[in-house]
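First up is the structure itself, then whatever we jot down about it.
Number of protein chains: 2
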Amino acid sequence: MADEVILLDFPLSAFGMRVRIALAEKGVKYEYREEADFMKRIKSDLLLKMNPVHKKIPVLIHNGKPVCESLIIVQYIDEVWKDKSPWLPSDPYQRAQARFWTDFADKKIYGDSRSVWSTKGEEREAFLENFKVLEAELGDKPFFVSDTFGFADIALVTFYGWFYSIKTFGQFSIEAECPTIVAWAKRCMQRESIARTLPD
Amino acid sequence: MADEVILLDFPLSAFGMRVRIALAEKGVKYEYREEADFMKRIKSDLLLKMNPVHKKIPVLIHNGKPVCESLIIVQYIDEVWKDKSPWLPSDPYQRAQARFWTDFADKKIYGDSRSVWSTKGEEREAFLENFKVLEAELGDKPFFVSDTFGFADIALVTFYGWFYSIKTFGQFSIEAECPTIVAWAKRCMQRESIARTLPD
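Going down the list, the protein sequences come from chains A and B.
All residue numbers for the first sequence refer to my numbering, where the first residue is 98 and numbers rise by one.
All residue numbers for the second sequence refer to my numbering, where the first residue is 98 and numbers rise by one.
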């Protein structure tokens with residue numbers, strides 16, 4: 098029996114983009130369903146049924162069973178469709194590092210993202226500081242943690258879509274402050290999975 | 098060469114307790130170092146050096162290399178000392194469920210925990226609602242997700258230490274509202290690793 102894979106999503110969601118990139122990387126065919134609209138504050142009955150705890154997209158429904166929370170979905174995809182190269186290294190210490198930077202993405206990059214639009218200089222400065230931490234961590238490595246594209250890259254790359262609007266509306270330019278991150282993001286954009294998913 | 102394992106911790110930390118339970122479950126010998134004091138707002142130089150990003154305990158230093166963030170440390174311990182039974186099931190869907198409830202522990206139980214002490218009834222009610230979600234999820238299972246003690250149990254059980262103070266100071270009793278959770282916590286407390294770690 099063929100797998101039935103359905104993604105409940107909203108096109109502009111950076112968390113949904115992580116899952117779309119993961120599915121594209123693994124070559125998984127799926128049905129895309131727009132089941133929420135942030136602007137109109139709409140959530141479908143199917144979404145509320147499939148994610149009753151958080152009531153949030155993205156939700157991956159695989160053969161009828163829902164998986165919620167973008168990073169958990171990405172790990173699930175990696176473990177189910179494991180014929181393609183895994184996104185976590187085999188070494189436990191490197192795996193911990195990959196999880197650390199993935200967690201950093203949620204807590205610091207997305208978690209503090211409202212402060213980009215803050216009118217307070219020190220809040221914007223604190224947000225930029227998070228990118229400088231990433232800049233230092235990446236150094237001269239091609240990707241986060243290991244030499245190959247992986248879990249932390251998927252978790253982090255979807256914020257690249259914000260860079261233009263931050264420059265336009267946020268009164269500072271990440272491009273100018275963090276050239277290493279920008280070079281990494283452009284490297285990621287060479288992957289079809291990412292170029293097709295992130296907004297232009 | 099024997100493993101050198103050092104835990105930077107603070108005795109009252111529920112996050113530190115997760116790591117102590119994990120190390121005890123695996124029978125890992127380690128050096129315990131109190132490197133922070135929440136009350137006095139003290140953090141040692143060693144802690145700042147080993148966790149420069151978050152500057153928080155717990156940190157596990159294994160043969161000189163630091164691992165940070167309690168849930169990442171617990172997974173690391175599981176993967177390094179893998180001769181004892183693993184805390185994550187082998188089935189990808191069950192693994193995703195274990196990660197979901199572990200993530201719920203951080204986002205909802207610890208994340209919303211300040212509202213326990215709120216003077217607003219609706220905030221306390223929302224906090225209690227999180228426990229009712231857990232109560233429904235556990236149902237008649239002995240442990241979260243699978244029949245054996247695992248990742249989500251380690252992540253969740255350290256809040257059991259709060260029940261007494263919530264009852265004393267928080268104006269409501271989780272025991273009375275969530276008997277299934279209390280029975281599960283008492284089941285966990287039969288494990289030496291947990292009975293020795295949680296406050297009496």
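C-beta: ideal position from N, C-alpha, C; glycine also.
At the 8 Å Cβ level, is residue i part of the contact set with chain B, yes or no?
{"i": "D108(A)", "result": "As written in the sequence, residue 108(A) is Pro, which differs from the Asp given in the question. So, not an interface residue."}
{"i": "R196(A)", "result": "yes"}
{"i": "K162(A)", "result": "yes"}
{"i": "V150(A)", "result": "yes"}
{"i": "A273(A)", "result": "no"}
{"i": "D200(A)", "result": "yes"}
{"i": "Q287(A)", "result": "no"}
{"i": "Y261(A)", "result": "no"}
{"i": "Y173(A)", "result": "yes"}
Give me the residue from the options with the minimum Cα distance to residue i.
{"i": "Y269(B)", "options": "K152(B), F135(B), G218(B)", "result": "Reading the sequence as shown, one finds Phe at residue 269(B) and not Tyr. With distances taken between Cα atoms, F269(B) lies closest to G218(B)."}
{"i": "F260(B)", "options": "L235(B), E131(B), S290(B), I206(B)", "result": "I206(B)"}
{"i": "S182(A)", "options": "K204(A), T245(A), I169(A), F224(A)", "result": "T245(A)"}
{"i": "L157(A)", "options": "K137(A), Y127(A), E220(A), V242(A)", "result": "Y127(A)"}
{"i": "L104(A)", "options": "W178(A), G258(A), H159(A)", "result": "H159(A)"}
{"i": "E280(B)", "options": "I263(B), I251(B), F240(B), K264(B)", "result": "Before going further, note that residue 280(B) is Ala rather than Glu in the sequence given. Comparing Cα-Cα distances from A280(B) to each of I263(B), I251(B), F240(B), K264(B), the minimum goes to F240(B)."}
{"i": "T199(A)", "options": "A202(B), I169(B), L235(B), T277(B)", "result": "I169(B)"}
{"i": "F224(B)", "options": "D237(B), E101(B), E234(B), A202(B)", "result": "A202(B)"}
{"i": "V171(B)", "options": "S110(B), S243(B), M114(B), D237(B)", "result": "M114(B)"}
{"i": "G124(A)", "options": "R130(A), V102(A), S141(A)", "result": "V102(A)"}
{"i": "V254(A)", "options": "D100(A), V116(A), D180(A), K179(A)", "result": "V116(A)"}
{"i": "A300(A)", "options": "P155(A), R130(A), A99(A)", "result": "Only positions 98 to 297 of chain A appear in this structure, which leaves residue 300(A) out of reach."}
Do residue j and residue i count as a contact pair if the criterion is CB distance below 8 Å?
{"i": "E166(B)", "j": "F197(A)", "result": "yes"}
{"i": "I263(A)", "j": "L235(A)", "result": "no"}
{"i": "W184(A)", "j": "I251(A)", "result": "yes"}
{"i": "C275(A)", "j": "F228(A)", "result": "yes"}
{"i": "L145(A)", "j": "K152(A)", "result": "yes"}
{"i": "F107(A)", "j": "D142(A)", "result": "no"}
I need the straight-line Cα distance from residue i to residue j, nearest angstrom please.
{"i": "Q194(A)", "j": "A249(A)", "result": "9 Å"}
{"i": "L295(B)", "j": "E289(A)", "result": "50 Å"}
{"i": "F256(A)", "j": "K137(A)", "result": "22 Å"}
{"i": "K283(A)", "j": "G258(A)", "result": "11 Å"}
{"i": "S110(B)", "j": "V242(A)", "result": "29 Å"}
{"i": "E122(B)", "j": "V177(A)", "result": "29 Å"}
{"i": "E232(A)", "j": "E226(A)", "result": "10 Å"}
{"i": "R221(A)", "j": "G161(A)", "result": "43 Å"}
{"i": "S230(B)", "j": "P149(A)", "result": "As written in the sequence, residue 230(B) is Val, which differs from the Ser given in the question. Taking the straight line joining both Cα atoms gives about 10 Å."}
{"i": "P163(B)", "j": "Y173(B)", "result": "11 Å"}
{"i": "P186(A)", "j": "K179(A)", "result": "13 Å"}
{"i": "A292(A)", "j": "D175(A)", "result": "20 Å"}
{"i": "D287(A)", "j": "F112(B)", "result": "It is worth fixing the name first, because residue 287(A) is Gln in this sequence and not Asp. For Q287(A) and F112(B), the distance between alpha carbons rounds to 40 Å."}
{"i": "M147(A)", "j": "R192(B)", "result": "18 Å"}
{"i": "K204(B)", "j": "F266(B)", "result": "23 Å"}
{"i": "L99(B)", "j": "G247(B)", "result": "According to the sequence shown, residue 99(B) is Ala rather than Leu. Roughly 27 Å between the two C-alpha positions."}
{"i": "Y190(B)", "j": "A273(A)", "result": "43 Å"}
{"i": "K238(B)", "j": "K140(B)", "result": "41 Å"}
{"i": "D209(B)", "j": "R130(A)", "result": "31 Å"}
{"i": "D188(B)", "j": "D188(A)", "result": "21 Å"}
If you measure from the beta carbon of residue i to each beta carbon in chain A, is any gap under 8 Å?
{"i": "F112(B)", "result": "no"}
{"i": "V177(B)", "result": "yes"}
{"i": "I169(B)", "result": "yes"}
{"i": "E166(B)", "result": "yes"}
With 7 Å as the limit, tell me which residues of the segment 180–192 of chain B have their beta carbon closer than that to any beta carbon of chain A; keep them in chain order.
-> For the segment 180–192 of chain B, the set of positions with a beta-carbon nearer than 7 Å to some beta-carbon of chain A reads P189, Y190, R192 in chain order.
For the segment 230–259 of chain A, which residues have a beta carbon sitting closer than 7 Å to at least one beta carbon of chain B?
-> Listed in sequence order: V230.
According to a CB-to-CB cut-off of less than 8 Å, which residues of the segment 119–130 of chain B neighbour chain A?
-> Contact residues of the segment 119–130 of chain B toward chain A are absent (C-beta to C-beta distance below 8 Å).
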